[in-house]
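A.B. asks:
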């Protein structure tokens, strides 16, 4: 309802429903929008259109009030590169050694410096001059403390998360074509259908 209020008050950029994620990032970088629901990768992905004096920052999502299930500052953060060495690979030892090098302190710092993205290596930003986005990302993680979440919906149920919940539910609501109550009902219907669909692999948290 709070996000829908943004639409009702005219705070959502006109034409947004017709933009893909690159176009929306570009519009934001051009100063046409103040906030963009996105990830910290935007600083690197939009580097070619972000002005030199563009002081961007990443933050946790907004909270509502004390009734929130998790405190303000809770953030979705996780490693985004699923590197795997198969157990029956032809050269398992070589693969593990390559991973060790890739995830070493030196490689982690080089990666962060080159692509403006944090790694899973603790201390991977030490000695690096951080860009505005990276600096704010480190601060957001520090503020979150133990309140870091990693929803698996986008990995486990791709169509449900992207096409149905994202586009068919939330996207339609933010375009003004569904009320919050209608969006919730529609999304619940999608979730129920996915739960009953035997052709979809179902997962459980361990």
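In our numbering, the protein residues as written are 1396 to 1601. C-beta: ideal position from N, C-alpha, C; glycine also. No experiment lies behind these values; they were computed from the predicted model shown.
1. Which parts of the segment 1419-1476 are runs of the beta strand (DSSP E), unbroken and 3 residues or longer, counting only runs that do not cross its ends?
2. From what residue to what residue does the alpha helix (DSSP H) around residue 1496 run?
3. Beta-carbon separation of residue 1555 and residue 1578 under 8 Å?
4. Is residue 1520 closer than 8 Å to residue 1533 when the C-beta atoms are compared?
5. DSSP three-state call for residue 1543: helix, strand or coil?
6. Between residue 1469 and residue 1544, which are expected to be in contact by the criterion C-beta below 8 Å, what is the C-beta distance as a whole number of angstroms?
7. Are there 16 or more other CB atoms within 10 angstroms of the CB of residue 1513, so buried, or fewer, so exposed?
8. According to DSSP, is residue 1600 helix, strand or coil?
9. Under 8 Å, with one C-beta from each stretch per pair, do the segment 1568-1576 and the segment 1398-1408 reach the 3-pair mark?
10. Going by the beta-carbon positions, is the gap between residue 1552 and residue 1588 smaller than 8 Å?
11. Determine the direct distance from the alpha carbon of residue 1593 to that of residue 1505, and round the result to whole angstroms.
12. In whole angstroms, what separates the C-alpha of residue 1480 from that of residue 1409?
13. Hey, quick one: how far does the alpha helix (DSSP H) through residue 1504 stretch, first residue to last?
14. Since residue 1429 and residue 1419 are thought to touch, with beta carbons under 8 Å apart, how far apart are those beta carbons, to the nearest angstrom?
15. Within this structure, are the beta carbons of residue 1438 and residue 1528 separated by less than 8 Å?
16. Drop a sphere of 10 angstroms on the beta-carbon of residue 1425, count the other beta-carbons inside from all chains shown, and report buried for 16 or more, exposed for fewer.
17. Tell me which residue opens and which closes the alpha helix (DSSP H) that residue 1402 is part of.
18. Give me the residue from 1473, 1530, 1407 and 1460 with the minimum Cα distance to residue 1542.
19. Contact check, residue 1453 vs residue 1531 under 8 Å by CB: the rounded distance?
C.D. replies: A quick look at the data gives this:
1. Counting only runs of 3 or more, we get nothing.
2. Element bounds for residue 1496: 1487-1497.
3. Against a cut-off of 8 Å, the Cβ pair of residue 1578 and residue 1555 comes out as no contact.
4. Yes, the pair counts as a contact, with Cβ atoms nearer than the cut-off.
5. Strand, per DSSP.
6. For a cut-off of 8 Å, the C-beta gap from residue 1469 to residue 1544 is around 6 Å, short enough to register as a contact.
7. By the neighbour-count criterion, in which a residue is buried when 16 or more other Cβ atoms sit within 10 angstroms of its Cβ, residue 1513 is buried.
8. Residue 1600: coil per DSSP, three-state reduction.
9. As far as the Cβ criterion goes, the segment 1568-1576 touches the segment 1398-1408, which means the pair count is three or higher.
10. Cβ atoms of residue 1552 and residue 1588: not closer than 8 Å.
11. Roughly 45 Å separates the two Cα atoms.
12. Their Cα atoms are separated by approximately 46 Å.
13. Residues 1500-1510.
14. A Cβ-Cβ distance of about 13 Å is found for the pair residue 1429 and residue 1419, leaving them out of contact under the 8 Å criterion.
15. Yes, they are a contact pair.
16. By the neighbour-count rule (16 or more Cβ atoms within 10 Å), residue 1425 is not buried but exposed.
17. Its alpha helix (DSSP H) spans residues 1397-1403.
18. Residue 1473 holds the alpha-carbon nearest to the alpha-carbon of residue 1542 among 1473, 1530, 1407 and 1460.
19. Taking C-beta atoms under 8 Å as the contact rule, residue 1453 and residue 1531 qualify, at a distance of about 5 Å.
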